[in-house]
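A.B. asks:
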Amino acid sequence: MTEISGGEVLARMLQAEGVEKVFGIIDGTYFGFYSSLHKLGIEIVTPRHETCAAHMAGAYARLTGRLGVCMASNGPGVANLLPGLVVENAEGNRVLAITSCRRPQIVYPDRGGAYQAFDQVGAISHFSKWSHSVVSFDRVAELGRTALRHCFEGRPGVVHLDVPETIMNGKVKVDVPIWKPHQYRRTEPIVPSPRQVERAAEMLAAAELPIIHAGSGVIHAGAYDELRRVAELLHAPVTTSWAGRGVLPETSDLAVPMAFIKLNHEVRNDADLVLVVGSRLGETDWWGKAPYWRHPSEQQMIQVDVDGHILGANKPAELTVLSDAKLFLAALAERLAARQGQMNLDARRRKVAKYRETIRSERAKLDEKLTDMAVPMNSAHVAHVCQQVFPEGTVLVADGGNTAVWAMMFHEMRVPNTILSTFKFGMLGAGVAQALGAAVARPGHPVCCIIGDGAMGFHPQEIETAVRNGLRAIYLVLCDKQWGMVKMNQQFALKPIKTLIRKSLGPDETINADLGEIRFDKLAESMGAHGERVADPRELRPAIERALASDGPAVIHVDVDPVKHMWAPGLMHF
Ligand SMILES: Cc1ncc(C[n+]2csc(CCOP(=O)(O)OP(=O)(O)O)c2C)c(N)n1
Ligand SMILES: [Mg+2]
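See the structure below:
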């Protein structure tokens, strides 16, 4: 019998789960944990701020389909981790947070004056799926298994295990068997009931214009081929949530890209039946409600989700199916293939052709902005040129206010699961670390992060993390020297007529909306990354090419026209 610490037990459990990376900052209070990770060959990737560890874990989890693990140390480390956990839970990324806390004798409740202590579980339990503290060594493995069980049940999100320093580091002479994942949690996806699949096929075949609305559940299930097959069999247009963008490549005739917002409303109003897969129909899907969607009295819904709590939550469903998206869609495709003769595909084809025409003309209207070659540049160029220069399938991270809107409007999603943002939470600055998590998830490949100057200002220190870890994140910082999106909002609130006539108000007419300049290119160089500054749209492409050729992280300070930047396309919808 050898001696083992609680930290080592957890490290061994993560190893059994196939965890290869843990994101976090070291501290003596959980040396027993991370030194065991190190010993077991699990790589520790260390950012310079704990909230970034959470975002790196979340981005890594979403892109790889694996568990994203982050760690933080008691008190300040955990306090810094909180915003990241709030966001990752909201975005629905599968993140396990392991934290140290002070010894049980002095916390829960704090006996008064305990150093680096606060109610970590009390705080995190409000915005996670599950959060508990281990009270004694003999419960480490059992609570570790419970935490992992929660990680893989229902909608993905944040699960938190809090472990006292004494248990993390203290060694006990005892045999702790490490169970295999299938011994304590479901490892097989949820199978749909054949009766429900048949009923769904019957409804979809009989519908006049069925559409599919896909959320990020399709990404978590990796159900891209199955989705495409069902859409093609039905000849059904596919709309998505923002986070689900590209699950059907936007080059497909059946895709209704989110960039064409009014068209999304039109399609959702034309449909008499919606198959919702892996989406809650939350606020950014306009709750599935009229006038953005057809009224439920005229539009039936079939909803498929791995989480029973989501079914029928925001829109009444005719048929609710608890199932893995991939298995459901595969089974549905089989049933639909048998019903090909029963569908009025011609009527659907006519509709889809009309939608394609709208997309073509709307795209052409948007692309007019690309003919603007003024200096400093029109923000439209950035995502457009990135798409041309970065290799196909490069992960795009979008962060910032208007900057994210410009990126969304000028990027076409051609490969599923290649876009990251905080669509649900709109957290400025999260993209800095999401890009690093993406680079860890796709080693060797560059990651493109288009980010506002306000957003980049939250976490520029992580450029050094990229340098230290050899992560090829290329940041394009859109510098308008303002909190652009909010400034626009203010202008309309304060002087709407003048804003419409003059396009912009004077510097003293808005409230704290302007920012000074940070030379992000110089800042990058000071940390050992490649830096570029560009204002002329003709110079953008060579600057990105040089950044890519540098083979490491790079920051391109992009001067954009601050007034044009505020008038981002489709802004009224946000
Ligand atoms: C952490 C955080 N704080 C505040 C906000 C509110 N907010 C939304 S957009 C925005 C301005 C963003 O400025 P910038 O990143 O420069 O992007 P721009 O709109 O100028 O493109 C602010 C302050 C937010 N979303 N997140
Ligand atoms: Mg800005």
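In terms of the numbering used here, the sequence shown opens at residue 16 and continues consecutively.
Glycine included, every Cβ here is placed at the ideal spot set by N, Cα and C.
#1: In the DSSP output, which residue or residues are listed as bridge partners for A488?
#2: So, under 8 Å CB-CB, V187 and F152 are touching, yes? Tell me the CB distance rounded to an integer number of Å.
#3: Span of the beta strand (DSSP E) holding V289?
#4: Sort out for me which residues DSSP pairs T114 with in a bridge.
#5: With 16 other CB atoms within 10 Å as the buried threshold, where does Q403 fall?
#6: Any heavy atom of ligand 1 closer than 7 Å to the beta-carbon of V174?
#7: Does DSSP put I325 in a helix, a strand or coil?
#8: Quickly, what does DSSP pair L493 with across the bridge? List them, please.
#9: Report the residue from A332, V233, A508, A340 whose alpha carbon sits nearest the alpha carbon of M316.
#10: Here's a check: name, in chain order, each residue in its chain whose Cβ is nearer than 6 Å to the Cβ of A583, leaving out the five neighbours to either side.
#11: Using 8 Å as the threshold, is the C-beta distance between H70 and T114 below it?
#12: State whether the stretch 546-556 contacts the stretch 458-471, with contact taken as three or more CB pairs (one from each stretch) at a distance under 8 Å.
#13: Could you please give me the residues that DSSP links to Q402 through a beta bridge?
#14: Taking DSSP as the reference, what is the three-state secondary structure of M218?
#15: Helix, strand or coil: how does DSSP classify G47 here?
#16: Helix, strand or coil, according to DSSP, for F152 in the structure here?
#17: Does any heavy atom of ligand 2 sit closer than 7 Å to the C-beta of Q497?
#18: Tell me, to the nearest whole angstrom, how far the beta carbon of P225 is from that of A286; I am working on the premise that it is less than 8 Å.
#19: Just to confirm the assignment, what range does the beta strand (DSSP E) spanning H228 have?
#20: Does the separation of the CB atoms of E21 and I182 fall below 8 Å?
#21: Measuring from the CB of V501, is there a heavy atom of ligand 1 at a distance below 7 Å?
#22: Using a Cβ-Cβ cut-off of 8 Å, state whether I113 counts as contacting chain B.
#23: Going along the chain, which residues of its own chain have a beta-carbon closer than 7 Å to the beta-carbon of A544, five neighbours each way excluded?
#24: Report all residues from its chain with a CB closer than 7 Å to the CB of V60; omit the five preceding and five following residues, and keep chain order.
#25: Is any heavy atom of ligand 2 found at a distance shorter than 7 Å from the C-beta of D574?
#26: Tell me the DSSP bridge mates of S146?
#27: Cα separation between T433 and V178?
#28: Which residues in the same chain as T525 place their Cβ atom closer than 8 Å to its Cβ, once the five residues preceding and following it in sequence are excluded?
#29: Beta-carbon within less than 8 Å of L278's beta-carbon, same chain only, minus the 5 sequence neighbours each way: which residues are those?
#30: Just tell me which of V136, A138, P62, V155 has its CA closest to the CA of F48.
#31: Which partner residues does H545 have in the DSSP bridge list?
#32: Answer yes or no: do W145 and A132 have a C-beta to C-beta separation smaller than 8 Å?
#33: Using C-beta distances below 8 Å, list every residue in its chain close to P458, excluding the 5 sequence neighbours before and after it, in chain order.
#34: Touch check for the stretch 322-340 and the stretch 245-261: three-plus C-beta pairs under 8 Å?
#35: Is it buried or exposed, R487, if we count other Cβ atoms within 10 angstroms and call 16 or more buried?
#36: Which residues in the same chain as A450 place their Cβ atom closer than 6 Å to its Cβ, once the five residues preceding and following it in sequence are excluded?
C.D. replies: Straight from the coordinates:
#1: Answer is V462.
#2: With a Cβ gap of about 5 Å, V187 and F152 count as contacting.
#3: Start and end: 288-292.
#4: Looking at the DSSP assignment, T114 forms a beta bridge with A87, D177.
#5: With a 10 Å radius around the Cβ and a threshold of 16 neighbouring Cβ atoms, Q403 comes out exposed.
#6: Residue side-chain check: V174 keeps its Cβ at 7 Å or more from all non-hydrogen atoms of ligand 1.
#7: In the structure shown, the three-state DSSP call for I325 is coil.
#8: Answer is G467, V573, bridged to L493.
#9: Of the candidates A332, V233, A508, A340, the one whose C-alpha sits nearest the C-alpha of M316 is A332.
#10: Excluding positions up to five away in sequence, the list reads N417, V420, W421.
#11: Taking 8 Å as the cut-off, the beta carbon of H70 is found no closer than this to the beta carbon of T114.
#12: Cβ pair count under 8 Å is below three, so no.
#13: Q402 is not bridged to any residue.
#14: Secondary structure of M218 (DSSP, three-state): helix.
#15: Of the three classes helix, strand and coil, the one that applies to G47 here is helix, per DSSP.
#16: In this structure, F152 counts as helix in the three-state DSSP scheme.
#17: Under cutoff, so the answer is yes.
#18: P225 to A286, Cβ: 7 Å. Contact.
#19: Segment 225-229, the beta strand (DSSP E) holding H228.
#20: Checking the sequence, you will find Gly at residue 21 rather than Glu. Contact flag set, yes.
#21: Flag set: Cβ of V501 near ligand 1.
#22: No chain B appears in the structure shown, which is made up of a single protein chain.
#23: Result list for A544: I478, A481, V482, G567, P568, A569, V570, in chain order.
#24: Within the same chain, Cβ atoms closer than 7 Å to the Cβ of V60 are found at K36, F38, M71, V455, N484, the five residues on either side in sequence being excluded.
#25: Every heavy atom of ligand 2 is 7 Å or more from the Cβ of D574, so no.
#26: Residue pairing by DSSP places S146 opposite H175 in a beta bridge.
#27: If you take the alpha carbons of T433 and V178, they lie about 35 Å apart.
#28: Excluding positions up to five away in sequence, the list reads K502, Q505, Q506, L509.
#29: V271, Y370, T373, I374, E377.
#30: Answer by Cα proximity: V155.
#31: Bridge partners of H545: A569.
#32: With a cutoff of 8 Å on beta-carbon distance, W145 and A132 are scored as not near each other.
#33: A distance below 8 Å between beta-carbons, with the five flanking residues on each side excluded, links P458 to no residue of its chain.
#34: These segments do not touch.
#35: Per the 10 Å Cβ criterion, buried.
#36: Only V412, V462, C464, A488 meet the Cβ criterion.
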